[in-house]
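Just so we're aligned, residue 1298 is where the sequence shown starts under the numbering used here, counting upward by one.
Encoded as structure tokens, the structure appears first; notes follow it.
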Amino acid sequence: MIHMRMVDLLEKKRDGKSLSKEEICFTIEGYVQGTIPDYQMAAWAMAVFFRGMSLEETTELTLAMAQSGNQLDLSSLGGRFVDKHSTGGVGDKTTLLVGPMVAACGVPVAKMSGRGLGHTGGTIDKLSSVPGFRVELTQEEFLAQVKKIGLSVIAQTGNLVPADKKLYALRDVTATVNSIPLIASSVMSKKIAAGAQGIVLDVKYGSGAFMKTVDEARILAKTMVDIGKALGRQTIAVLSNMNQPLGRAVGNSLEILEVADALQGKGSPDLVEVSLELGAWMLVAGEIVSKVETGKERLRQSLASGAAWNKFLAFLTEQGGDAQAVVDRRLRIASWSLPILAQETGYVQLFDAQKIGILAMVLGAGRVTKDSSIDLGTGVILVKKAGEWVEAGEPILQLYGSNQEMLTEGLKLAQNLVAVGREAPKLPPLIEEVIL
Ligand code: URA
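Structural data, given as structure tokens:
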């Protein structure tokens, strides 16, 4: 390879020029091997953030990241596997509903998930709140589990997309998360490396998402669908609204308990609606239904029959988790807790999802630096959601903090967050569009 210097590539991207395939590979390989330090990679991420990347550059970046470690070939297992990924939201626990529902309908789900990023939560952190649950499996264990029970969700282990593992953590603490090429390559590299033939993407927009407007989200969705197609995978993107948190729980253990309720037929309607839409497209991509409506019907049946709930428990157990602790609601929840009470009677107005995400972080559920630990038992319960009626003095939010200082800090934020009005707020549709 021609001799390259990272500083020259930084200058090139800083000045808005395109990087070649070789330059992108040099950067990703160097970062993974440790010859390019965090400070140069942070500068690179910031240059990409400001200058963007063409579709060709983003596709090369995706491929370089996917090839930075091992890649799975699920075709060796036979059958058609599907995967799903969200671009990140607040209270977005859809994977944990959709995975068991889809697997219960006979389409195997092999999924690689992330940890929390910025103000958004991550499936891997949520699953870590189940005692004993192993988020890292070897490749053989992952494949064997998908074959056995049709469902596995793992973190990026050392040898699967190590480039994203490092870059994701770096972006989280360098204000370089919400960049279309960085999100698109992060999501798609994991999907390509995990090997599924069908990919369903949940592209969020709104205050709690990285893309604030539906137009930006559409560009991100089209970029990812184009990358998927260019790399030979069927890719479907659903644009969904993230102006308020999905469901009622925000925070890791709290969300697992909400998933348990939803899988037993007691789910918040918004959470169920988005999950049915995504799951139905996964059944379409898995080629067991041809119409999305038929898919939704099958998924509803999987909930009503208990098949999805049983699949979830089997999945927890198979990955070493204490499923009975979830059944008995014995997950650790922070004991520093306080309600936020309504000051007047009326309709609860729309919560700002991003602010709720930040509130959950302040209470202990999010990382401040890339090595910080989080408290899985902290977060927020939306006792009332936007549009619901509340009487003065009733709780709207319930906060769970890691310690008294964090709870006091959270309390200050939370007080400015809730509003009650005479008119019910107008809620936008949850599903905006599907891009095939
Ligand atoms: N989800 C990911 O996997 N990566 C991102 O960059 C954002 C959301």
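We treat Cβ as the ideally placed atom computed from N, Cα and C, and that holds for glycine.
If the criterion is Cβ atoms closer than 9 Å, does the pair alanine 1662 and aspartate 1672 meet it?
Closer than 9 Å, so yes.
Within a Cβ cutoff of 6 Å, which residues of the same chain sit near glycine 1503, ignoring the five residues on either side of it in sequence?
Excluding sequence neighbours, glycine 1503 sits near Asn1538, Met1539 and Asn1540.
Any heavy atom of the ligand URA closer than 8 Å to the CB of threonine 1417?
Indeed, a heavy atom of the ligand URA lies less than 8 Å from the Cβ.
Is it right to say glycine 1429 is buried, meaning 16 or more other beta carbons lie within 10 angstroms of its own, or is it exposed?
Glycine 1429 should be labelled exposed.
Apart from the five residues on each side of it in sequence, which residues of its chain come closer than 8 Å, Cβ to Cβ, to asparagine 1367?
Contacts found: Gln1436, Asn1456, Leu1457 and Ala1490.
Considering only the beta carbon of each residue, do arginine 1412 and glutamate 1584 sit closer than 9 Å?
No. Outside cutoff.
List, from N- to C-terminal side, the alpha helix (DSSP H) runs of 4 residues or more that fit wholly inside the segment 1542 to 1591.
Qualifying alpha helix (DSSP H) stretches, in chain order: 1549 to 1560 and 1566 to 1582.
Are the segment 1474 to 1486 and the segment 1389 to 1396 in contact at 8 Å, needing three or more beta carbon pairs?
No, the segment 1474 to 1486 is not in contact with the segment 1389 to 1396.
Counting only runs that start and end within the segment 1408 to 1483, where is the beta strand (DSSP E) found for 3 or more residues in a row?
Fully enclosed beta strand (DSSP E) runs of 3 or longer: 1448 to 1451.
At what residues does the alpha helix (DSSP H) containing glutamate 1354 begin and finish?
Glutamate 1354 -> alpha helix (DSSP H) spans 1352 to 1363.
Which ranges does the alpha helix (DSSP H) cover as unbroken runs of at least 4 residues, wholly within the segment 1609 to 1680, from first to last along the chain?
Correct list: 1620 to 1624 and 1650 to 1657.
Between the Cα of alanine 1441 and the Cα atoms of Val1406, Asp1422 and Lys1423, which residue gives the shortest distance?
Of the candidates Val1406, Asp1422 and Lys1423, the one whose C-alpha sits nearest the C-alpha of alanine 1441 is Val1406.
Regarding lysine 1487 and the ligand URA, is the C-beta to nearest heavy atom distance less than 8 Å?
Checking the Cβ of lysine 1487 against the ligand URA gives yes.
Which of the three DSSP states, helix, strand or coil, is assigned to serine 1486?
Correct three-state label for serine 1486: helix.
Give the DSSP-derived three-state secondary structure of leucine 1708 in the structure shown.
Residue state, collapsed to three classes: helix.
How about valine 1680 and arginine 1545: do their beta carbons lie closer than 9 Å?
Contact flag set, yes.
Do leucine 1467 and the ligand URA come close, with the Cβ less than 8 Å from some heavy atom?
It does not: the Cβ of leucine 1467 is nowhere closer than 8 Å to a heavy atom of the ligand URA.
With a threshold of 16 other CB atoms inside 10 Å of the CB of alanine 1472, please say whether the residue is buried or exposed.
Its Cβ having fewer than 16 others within 10 Å, alanine 1472 is exposed.
Starting from valine 1717, follow its DSSP beta bridges and name the residues at the other end.
Paired residues: Val1645.
Measuring alpha carbon to alpha carbon, tell me which of Met1338, Gly1707, Val1404 and Val1589 ends up nearest alanine 1605.
With distances taken between Cα atoms, alanine 1605 lies closest to Val1404.
Considering valine 1500, what are the terminal residues of the alpha helix (DSSP H) in which it resides?
Valine 1500 -> not in any alpha helix (DSSP H); beta strand (DSSP E) instead, spanning 1495 to 1502.
Look up methionine 1303 in the DSSP assignment and give the residues it is bridged to.
Note: methionine 1303 sits in no beta bridge, so no partner.
Going by DSSP in three states, proline 1722 sits in which element: helix, strand or coil?
Coil.
Would you list the residues sitting across from serine 1383 in a DSSP beta bridge?
DSSP output for serine 1383 lists Asp1499 as bridge partner(s).
For the beta strand (DSSP E) that contains threonine 1332, what are its first and last residues?
Where threonine 1332 is concerned, there is no enclosing beta strand (DSSP E), given that its DSSP letter is neither H nor E.
Kindly indicate which residue of Pro1566, Ser1632, Asp1422 and Ala1344 has the alpha-carbon position closest to the one of proline 1726.
Minimum Cα distance to proline 1726 is reached at Pro1566.
For my contact list, valine 1731 and isoleucine 1533 are in at a C-beta cut-off of 8 Å; report their separation, rounded to the angstrom.
Correct: roughly 7 Å between the Cβ atoms.
Within its chain, find whatever has a CB closer than 6 Å to the CB of alanine 1620; leave out the 5 residues flanking it on each side and keep chain order.
Excluding sequence neighbours, alanine 1620 sits near Leu1610, Leu1613 and Thr1614.
Is the beta carbon of alanine 1639 less than 9 Å from the beta carbon of valine 1715?
Yes, these two residues count as a Cβ contact at 9 Å.
What residue from Val1677, Trp1633 and Ala1683 has the CA that sits closest to glutamate 1702's CA?
The residue with the shortest Cα to Cα distance from glutamate 1702 is Trp1633.
What would DSSP say about methionine 1508, mapped onto helix, strand or coil?
Strand at methionine 1508.
Check asparagine 1367 in the structure and name its three-state DSSP category.
Asparagine 1367: strand per DSSP, three-state reduction.
Considering proline 1405, what are the terminal residues of the alpha helix (DSSP H) in which it resides?
From DSSP, proline 1405 is part of no alpha helix (DSSP H); its letter is neither H nor E.
Quick one: measure Cβ to Cβ for valine 1522 and valine 1379, integer angstroms, because I've assumed they're closer than 8 Å.
At roughly 15 Å, the Cβ-Cβ gap does not stay under 8 Å, so valine 1522 and valine 1379 are not in contact.
Are aspartate 1461 and threonine 1417 closer than 9 Å when you measure CB to CB?
The answer is no: Cβ separation not under 9 Å.
For the segment 1299 to 1319 against the segment 1339 to 1350, are there 3 or more C-beta pairs whose distance is under 8 Å?
Because the criterion of three Cβ pairs below 8 Å is met, the segment 1299 to 1319 and the segment 1339 to 1350 touch.
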